[in-house]
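Chemist: In the working numbering, the protein residues as written are 3 to 156.
Using N, Cα and C, we set each Cβ at its ideal position, and we do this for glycine too.
Since the model is a prediction, treat every value here as computed from it, not as a measurement.
Would you mind keeping the following structure in view while I ask a few things?
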Amino acid sequence: MAEWGYILIACGFIMFAVVAMILLHTLRRVLLRAESVLGKAGADMTQLAAESRELLTQASSTLSLLHERVEDIEPFSSSLRLAGETLTGTLERVDSISKLVTDSAMERLEKAHRDNELRLAEAFRWLDVGLSVWHSWKQEAYPPGTVPSSEKER
Numbered sequence: 003m004a005e006w007g008y009i010l011i012a013c014g015f016i017m018f019a020v021v022a023m024i025l026l027h028t029l030r031r032v033l034l035r036a037e038s039v040l041g042k043a044g045a046d047m048t049q050l051a052a053e054s055r056e057l058l059t060q061a062s063s064t065l066s067l068l069h070e071r072v073e074d075i076e077p078f079s080s081s082l083r084l085a086g087e088t089l090t091g092t093l094e095r096v097d098s099i100s101k102l103v104t105d106s107a108m109e110r111l112e113k114a115h116r117d118n119e120l121r122l123a124e125a126f127r128w129l130d131v132g133l134s135v136w137h138s139w140k141q142e143a144y145p146p147g148t149v150p151s152s153e154k155e156r
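So, in structure tokens, the structure goes:
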């Protein structure tokens, strides 16, 4: 019976060894795939690093050019700002002068209106007096029913 026990232990050990070999083989294939994937990832990362360096170099040169252009444009923009400030100041002065001119013109117009109103009122009074005198003279010179000779000829 002891022999059967040794045979069972030997069979168990052989089965354990076979399972261990299968597991080790599977583990080896997984590790080889992982190594392959990591190799590809490493190559991709190397390529990405090279492309990143190239991109950073291009970005750096672009920023340098942009900085130079900004420095070139800065005097022009300063001139435009000064021109804008000057134009703003000039427009404010023109606005204040036009306001003064408008106020002065309105005052003169109102004064002329008051003066003309007084003069026209006096002129209309004299016209009214003249027409009243002429009408009175005409009624006395030509009593009703008589027609002047100049109107007969018409």
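Kindly indicate which three-state DSSP category tyrosine 8 falls into: helix, strand or coil?
Modeler: Start at 1 with the first residue of the sequence shown, and residue 8 comes out as number 6. Three-state DSSP puts tyrosine 8 in a helix.
Chemist: Roughly how many angstroms lie between the CA atoms of histidine 137 and tyrosine 144, to the nearest whole one?
Modeler: What you label residue 137 is simply residue 135 of the sequence shown in a count that begins at 1. What you label residue 144 is simply residue 142 of the sequence shown in a count that begins at 1. Cα to Cα, the separation comes out at about 10 Å.
Chemist: Measure the C-alpha to C-alpha separation of threonine 90 and leucine 50 and round it to an integer number of angstroms.
Modeler: Residue mapping note: residue 90 aligns to position 88 of the sequence shown, counting from 1. Residue mapping note: residue 50 aligns to position 48 of the sequence shown, counting from 1. Distance between the alpha carbons of threonine 90 and leucine 50: 54 Å.
Chemist: Please report how far the alpha carbon of glutamate 5 lies from the alpha carbon of serine 38, in whole angstroms.
Modeler: The residue you call residue 5 lines up with position 3 of the sequence shown. The residue you call residue 38 lines up with position 36 of the sequence shown. Using only the alpha carbons, I get a separation of about 48 Å.
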